Amino acid sequence: MSFDTRSFRDALGCFPTGVAVVTCAGTDAHIGITVNSFASVSLDPPLVLWCLDKKSDRFTAFTNAAGYTISLLGTVHRDVSSRLAKRGEHSLEGIELLDTELGPPALADSLAAFECKAHAVHDAGDHAILIGQVQRITRHDAGAPLVYFRGGYGALAGVE
Ligand SMILES: Cc1cc2nc3c(=O)[nH]c(=O)nc-3n(C[C@H](O)[C@H](O)[C@H](O)COP(=O)(O)O)c2cc1C
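Structure follows, in structure tokens:
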């Protein structure tokens with residue numbers, strides 16, 4: 122291998138992504154984590170995926186969860202995104218939430234939220250790939266997406 126982990130991360134950071142928060146039931150209350158590994162997988166059945174670091178102390182909660190909700194973030198969620206990306210910071214207290222039918226709440230004003238039943242967990246190096254079967258969708262057709270690029274937040278030019 123001609124590169125180290127730092128160079129690999131930096132090169133991956135050249136791919137701009139959206140940002141999502143995934144919520145599930147924790148021991149006492151619902152918990153959340155910021156991710157940018159969200160991707161669509163299948164339309165029929167409706168499947169999506171995201172990847173979770175095995176070192177995350179939220180690993181057991183998410184990989185054992187019966188389901189989770191994935192909220193796609195807007196620029197208004199920048200602070201929430203930073204907060205739920207901090208090591209050990211899982212609490213949703215003080216974050217504006219919306220109830221869902223399946224349980225784990227969605228973030229208020231997210232561009233879309235996918236309520237998922239856990240479909241599969243695949244081992245993948247130092248991460249696991251979590252595949253969710255979407256049971257319900259809510260959309261909020263206003264607001265600009267939060268973008269992550271080269272280790273920092275941004276927004277799409279021309280999108281309000
Ligand atoms: C924009 C952004 C995207 C992230 N995407 C992921 C991801 O896809 N998967 C992941 O496991 N961690 C991701 N992280 C890191 C987690 O949010 C979190 O910092 C990490 O799990 C460490 O905290 P924990 O051990 O308390 O869970 C991301 C962080 C940021 C800021």
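Residues in the sequence shown are numbered from 122 upward in steps of one, following our numbering.
For glycine and all other residues, C-beta sits at the position ideal for the given N, C-alpha and C.
What you are looking at is a predicted structure, and each value in this text was computed from that prediction instead of being measured.
Where does residue i sit, in a helix, a strand or coil, going by DSSP?
| i | result |
| --- | --- |
| Arg208 | coil |
| Phe124 | coil |
| Asp247 | coil |
| Arg271 | coil |
| Phe299 | Because the chain is modelled from 122 through 281, residue 299 falls outside the range shown and cannot be assessed. |
| Ile258 | strand |
| Ile252 | strand |
| Glu222 | coil |
| Phe235 | strand |
| Leu213 | coil |
| Gly142 | Correcting the residue type first, residue 142 is Val in the shown sequence and not Gly. If DSSP states are grouped into helix, strand and coil, Val142 belongs with the strands. |
Just to check my reading of the structure: residue i and residue j have Cβ atoms closer than 8 Å, yes? What is that Cβ distance to the nearest angstrom?
| i | j | result |
| --- | --- | --- |
| Ile154 | Val143 | 6 Å |
| Gly188 | Leu232 | The Cβ separation is near 20 Å, so there is no contact. |
| Leu205 | Leu218 | That belief does not hold up - the Cβ atoms of Leu205 and Leu218 are roughly 12 Å apart, past 8 Å. |
| Gly147 | Asp178 | With a Cβ gap of about 11 Å, Gly147 and Asp178 do not count as contacting. |
| Val162 | Val169 | 6 Å |
| Leu213 | Arg257 | Not a contact, Cβ separation roughly 19 Å. |
Could you name the residues of the same chain whose beta carbon sits closer than 6 Å to that of residue i, not counting the 5 residues immediately before and after it, in chain order?
| i | result |
| --- | --- |
| Val242 | Thr184, Ala249 and Leu251 |
| Pro225 | Thr144, Cys145, His151, Tyr189 and Thr190 |
| Thr181 | none |
| Pro167 | Val255 |
| Thr259 | Ala234 |
Grab me the residues of residue i's own chain with a C-beta within less than 8 Å of its C-beta, minus the 5 sequence neighbours each way, in chain order.
| i | result |
| --- | --- |
| Gly273 | none |
Quick one: what's got a C-beta closer than 7 Å to residue i's C-beta in the same chain, skipping five residues either side?
| i | result |
| --- | --- |
| Arg271 | Gly134 and Cys135 |
| Asp220 | Pro226 |
Practice problem: May I have a chain-ordered list of the beta strand (DSSP E) segments no shorter than 3 residues that lie completely inside the region 144 to 171? | Solution: 151 to 156 and 160 to 163
Quiz prompt | Those runs of the alpha helix (DSSP H) which lie wholly inside the region 169 to 206 and span at least 4 residues | solution = 180 to 185 and 199 to 204
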